[in-house]
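Participant:
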């Protein structure tokens with residue numbers, strides 16, 4: 004009877020040990036899967052960030068090229084000043100080279116309201132002109148088409164603001180915000 008009892012106890016230990024080992028294997032297997040999943044997500048995030056940086060660099064290069072090739076045309080159209088900017092993923096990326104240091108443009112106030120294949124709605128950046136005149140909260144809707152120029156909706160103390168689309172592609176737009184004193 005004692006040998007039978009010993010075998011029963013050994014059987015329980017084997018079963019309990021097997022269950023414990025199985026439970027530990029499932030637990031650590033889940034941890035490994037979770038870690039692998041987290042690593043995969045981290046890799047995907049790095050790839051996405053690299054793609055965004057690459058697109059941003061390309062956009063800045065295109066803005067710089069257009070700044071040079073369209074300089075005469077834009078100076079003629081907006082003699083008081085202008086600044087190029089890009090739109091990518093509903094973000095506004097201003098060029099670092101405004102044509103006029105006299106006009107102070109506040110890009111933090113600009114906002115993309117909507118972009119479709121046909122139309123762009125944008126809140127233009129607030130601007131302060133010589134003599135302390137200001138244009139604020141100017142919303143413009145324009146055709147999403149290369150060459151389209153908005154009409155001047157807001158006029159403050161003779162200052163007119165415009166938007167001109169210089170380049171329009173599926174994923175990015177390059178435009179100029181321009182000003183004319185009349």
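In my numbering, the protein residues as written are 4 to 185. Idealized CB from N, CA, C, for every residue including glycine.
Taking DSSP's pairing of strands, which residues face residue 86 in a bridge?
Facilitator: 180
Participant: If I follow the unbroken beta strand (DSSP E) through residue 94, where does it start and stop?
Facilitator: 94-97
Participant: What number of angstroms, rounded off, separates the C-alpha of residue 106 from the C-alpha of residue 50?
Facilitator: 39 Å
Participant: In this structure, does DSSP put residue 79 in helix, strand or coil?
Facilitator: helix
Participant: How is residue 62 classed by DSSP in three states: helix, strand or coil?
Facilitator: Note: residue 62 maps to helix in three-state DSSP.
Participant: Measuring straight from C-alpha to C-alpha, what distance separates residue 113 and residue 147?
Facilitator: 18 Å
Participant: According to DSSP, is residue 172 helix, strand or coil?
Facilitator: coil
Participant: Using three-state DSSP, classify residue 127 as helix, strand or coil.
Facilitator: coil
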